[in-house]
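Peer 1:
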Amino acid sequence: MIIINKLITLFPILFYPFINIVFLFLLGFGLTFLILPKSLRSFWLWLSPWTTIITAIFYFVVMSLFGLSMKQTFGPYITICLVAGIYVLVKIKPTININKKEDFALIILVGLTLVLNLSPLIRRDKMLTSISMGNNDIIVYVATGDYLKDHSIRESFKTKVELTIGTLLQGGYRWGTPIINSFFLTLLNLQGYQYTYVSQVVLFSIFLPLLYILFKILFGRSNMAGLIIVGIFTGFNANLLYMLYHDFFGQILFWGIEILIFIFFYNYFDSPKIKINKFNIYDFILGILITILFFSYHEPAV
Numbered sequence: 015m016i017i018i019n020k021l022i023t024l025f026p027i028l029f030y031p032f033i034n035i036v037f038l039f040l041l042g043f044g045l046t047f048l049i050l051p052k053s054l055r056s057f058w059l060w061l062s063p064w065t066t067i068i069t070a071i072f073y074f075v076v077m078s079l080f081g082l083s084m085k086q087t088f089g090p091y092i093t094i095c096l097v098a099g100i101y102v103l104v105k106i107k108p109t110i111n112i113n114k115k116e117d118f119a120l121i122i123l124v125g126l127t128l129v130l131n132l133s134p135l136i137r138r139d140k141m142l143t144s145i146s147m148g149n150n151d152i153i154v155y156v157a158t159g160d161y162l163k164d165h166s167i168r169e170s171f172k173t174k175v176e177l178t179i180g181t182l183l184q185g186g187y188r189w190g191t192p193i194i195n196s197f198f199l200t201l202l203n204l205q206g207y208q209y210t211y212v213s214q215v216v217l218f219s220i221f222l223p224l225l226y227i228l229f230k231i232l233f234g235r236s237n238m239a240g241l242i243i244v245g246i247f248t249g250f251n252a253n254l255l256y257m258l259y260h261d262f263f264g265q266i267l268f269w270g271i272e273i274l275i276f277i278f279f280y281n282y283f284d285s286p287k288i289k290i291n292k293f294n295i296y297d298f299i300l301g302i303l304i305t306i307l308f309f310s311y312h313e314p315a316v
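15 is the number of the first residue of the sequence shown in the working numbering; add one for each residue after it.
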């Protein structure tokens, strides 16, 4: 009976972040193949969740500025992603390349960091909830994530809102983090207090494969040594974990956006398109990424 009770306790803590990541992969699959430059398509697996994150932030922030809430615009976004995935599978029929050794190692790395950073909930709280080592920012992200499910950014400027919500939407202009959190909450049908910390853990875990992609682009090769370096010096980096455990949501999202910009920037320099004086897919993607950076964490963008 004790074992059964423990399993019942563990199930939601591990199930929701797992299914969250699966949804990110599935929703981003089609758009990734449609948008990604051919030279980067070998990395489609680990870029797919970030395609979902980036497009979701851009789409929902724009819709929210027009006065539409997350729940009003959630359905069309999911439909677009699913239609894109079906179109790619049926019409384009891409060759799906998977490096079994590397991808399996990355899955292990993502899984380990996910479980490690969920361990406080598993060992102490024994439920889905949001925690912090001392920073109170988590209160702001919880309240704003819930607010944006039924309200919009535009509405927050036209009506009186709680200080915790106004601080982020009106004073900080950090829209990307509460928007992506609200997206996760709507996707999983959860409340802000249940999932805001876990949202950050999910972003941190899937950020690690991006570093390995950048490593391969910069050094032109892949090996287990590089993967181990990424795992030890990033996934188990005390400074980065300090930021995570203190709920610096903006910084955590920034890490992923930053590495994506580097990936596309360096790949652009190796592309023949750099010599062509015309607007191309790299210009479009980098423009979107910089826009998302301003939406989400504008201090480093400036």
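Every residue gets a Cβ at the ideal spot worked out from N, C-alpha and C, and that includes glycine.
#1: Specify whether the segment 169-178 and the segment 215-227 touch according to this definition: at least 3 beta carbon pairs, one from each stretch, less than 8 Å apart.
#2: For a quick check, are the C-beta atoms of Y209 and L182 less than 9 Å apart?
#3: Around the Cβ of I106, are there at least 16 other Cβ atoms within 10 angstroms (buried) or fewer (exposed)?
#4: Could you check whether M84 and F197 sit closer than 9 Å to each other, using their CB atoms as the reference points?
#5: On the DSSP letters alone, give me the boundaries of the alpha helix (DSSP H) that R168 sits inside.
#6: Once DSSP output is grouped into helix, strand and coil, what is the label at R55?
#7: From the DSSP output, in three-state form, read off H260 for me.
#8: Taking 9 Å as the threshold (C-beta atoms), are F72 and I295 in contact?
#9: Return the first residue and the last residue of the alpha helix (DSSP H) that F298 is part of.
#10: Less than 9 Å separating the beta-carbons of D151 and I145?
#11: Less than 8 Å between the CB atoms is what I'm expecting for P51 and S285, so what's the real figure, rounded?
#12: Rounded to whole angstroms, what's the CA-CA distance from V75 to L82? Just pull it up for me.
#13: Any idea what DSSP makes of F233, helix, strand or coil?
#14: Counting beta carbon pairs with one atom in the segment 266-282 and one in the segment 34-50, are three or more of them shorter than 8 Å?
#15: For T143, which residues in the same chain have their Cβ closer than 8 Å to its Cβ, ignoring the five residues on either side in sequence?
#16: Look up K140 in the DSSP assignment and say whether it is helix, strand or coil.
#17: How is the alpha helix (DSSP H) around P134 delimited, first residue to last?
#18: Please report how far the alpha carbon of I112 lies from the alpha carbon of F118, in whole angstroms.
#19: Using the beta-carbon count (16 or more within 10 Å), is W64 buried or exposed?
#20: Do the CB positions of F263 and N195 come within less than 9 Å of each other?
#21: What is the residue span of the alpha helix (DSSP H) that L96 lies within?
#22: Taking the alpha-carbon of L255 as reference, which of T46, P90, L96, L128 has the nearest alpha-carbon?
#23: Compute every distance between the C-beta of L201 and the non-hydrogen atoms of the ligand SAH, then say whether any falls below 8 Å.
#24: DSSP three-state label for M77, please.
#25: Since K163 is in the alpha helix (DSSP H), which residue starts that stretch and which ends it?
#26: Kindly list the residues whose CB is nearer than 8 Å to the CB of L123, restricted to its own chain and excluding five residues on each side of it in sequence; keep chain order.
#27: Is Y280 helix, strand or coil by DSSP?
#28: Throw me the rounded Cβ distance for the I193 and L79 pair, which I believe falls under 8 Å.
#29: When DSSP labels each residue in this structure, what does P108 get in the three-state scheme?
#30: Taking DSSP as the reference, what is the three-state secondary structure of I227?
Peer 2: On the basis of the data shown:
#1: no
#2: Here residue 209 refers to the residue found at position 195 of the sequence shown. Here residue 182 refers to the residue found at position 168 of the sequence shown. No, these two residues do not count as a Cβ contact at 9 Å.
#3: In the sequence shown, the residue the question calls residue 106 occupies position 92. With fewer than 16 Cβ atoms within 10 Å of its Cβ, I106 is classed as exposed.
#4: For the purposes of this step, residue 197 is identified with residue 183 of the sequence shown, where counting begins at 1. For the purposes of this step, residue 84 is identified with residue 70 of the sequence shown, where counting begins at 1. Yes; because the gap between Cβ atoms is below 9 Å, this pair is in contact.
#5: If you number the sequence shown from 1, residue 168 lands on position 154. Its alpha helix (DSSP H) spans residues 167-172.
#6: Along the sequence shown, one-based indexing puts residue 55 at 41. Looking at R55 - three-state DSSP - the assignment turns out to be helix.
#7: Position 246 of the sequence shown, counted from the first residue, corresponds to residue 260. Three-state result, H260: coil.
#8: On the sequence shown, position 281 is the one that residue 295 refers to. On the sequence shown, position 58 is the one that residue 72 refers to. Between I295 and F72, the CB-CB gap reaches or exceeds 9 Å.
#9: On the sequence shown, residue 298 is found 284 positions in, with the first residue counted as 1. Note, F298: alpha helix (DSSP H), 295-310.
#10: The residue you call residue 151 lines up with position 137 of the sequence shown. The residue you call residue 145 lines up with position 131 of the sequence shown. Taking 9 Å as the Cβ cut-off, D151 and I145 do not qualify as a contacting pair.
#11: Locating residue 51 in the sequence shown gives position 37, where the first residue counts as 1. Locating residue 285 in the sequence shown gives position 271, where the first residue counts as 1. For P51 against S285, the beta-carbon gap comes to about 7 Å, under 8 Å, which counts as contact.
#12: For the purposes of this step, residue 75 is identified with residue 61 of the sequence shown, where counting begins at 1. For the purposes of this step, residue 82 is identified with residue 68 of the sequence shown, where counting begins at 1. If you take the alpha carbons of V75 and L82, they lie about 9 Å apart.
#13: Numbered from its first residue, the sequence shown carries residue 233 at position 219. It is helical.
#14: no
#15: Residue numbering aside, residue 143 sits at position 129 when the sequence shown is read from its first letter. Cβ neighbours of T143 beyond the five flanking positions: L135, Y207, Q208, Y211.
#16: Sequence index remark: in the sequence shown, residue 140 carries index 126 (1-based). In the structure shown, K140 sits in coil (DSSP, three-state: anything other than H, G, I, E or B).
#17: Numbered from its first residue, the sequence shown carries residue 134 at position 120. It spans 114-134 - the alpha helix (DSSP H) in which P134 sits, taken as one unbroken run.
#18: As a working note, residue 112 is residue 98 in the sequence shown. As a working note, residue 118 is residue 104 in the sequence shown. Each residue's alpha carbon lies about 9 Å from the other.
#19: Position 50 of the sequence shown, counted from the start, is the residue given in the question as residue 64. W64 comes out buried.
#20: One-based indexing of the sequence shown puts residue 263 at position 249. One-based indexing of the sequence shown puts residue 195 at position 181. In this structure, N195 lies closer than 9 Å to F263 by Cβ.
#21: Counting from one through the sequence shown, the residue named residue 96 turns up at place 82. Unbroken alpha helix (DSSP H) run through L96: 84-101.
#22: The residue labelled residue 255 in the question sits at position 241 within the sequence shown. Closest by alpha carbon: L128.
#23: As far as ligands go, the structure on display features none, and thus does not contain the ligand SAH.
#24: Counting from one through the sequence shown, the residue named residue 77 turns up at place 63. Helix, per DSSP.
#25: Position 149 of the sequence shown, counted from the first residue, corresponds to residue 163. Unbroken alpha helix (DSSP H) run through K163: 151-164.
#26: Here residue 123 is taken as the residue at index 109 of the sequence shown, counted from 1. Taken in chain order, the residues that qualify are L222, P223, L241, V244, G245, G249.
#27: What you label residue 280 is simply residue 266 of the sequence shown in a count that begins at 1. Helix, per DSSP.
#28: For the purposes of this step, residue 193 is taken as residue 179 along the sequence shown, with counting starting at 1. For the purposes of this step, residue 79 is taken as residue 65 along the sequence shown, with counting starting at 1. No, I193 and L79 are not in contact; Cβ-Cβ is about 11 Å, not under 8 Å.
#29: For the purposes of this step, residue 108 is identified with residue 94 of the sequence shown, where counting begins at 1. Under the three-state reduction of DSSP output, P108 falls in the coil class, being neither helix nor strand.
#30: Stepping through the sequence shown from its first residue, residue 227 is reached at position 213. Helix at I227.
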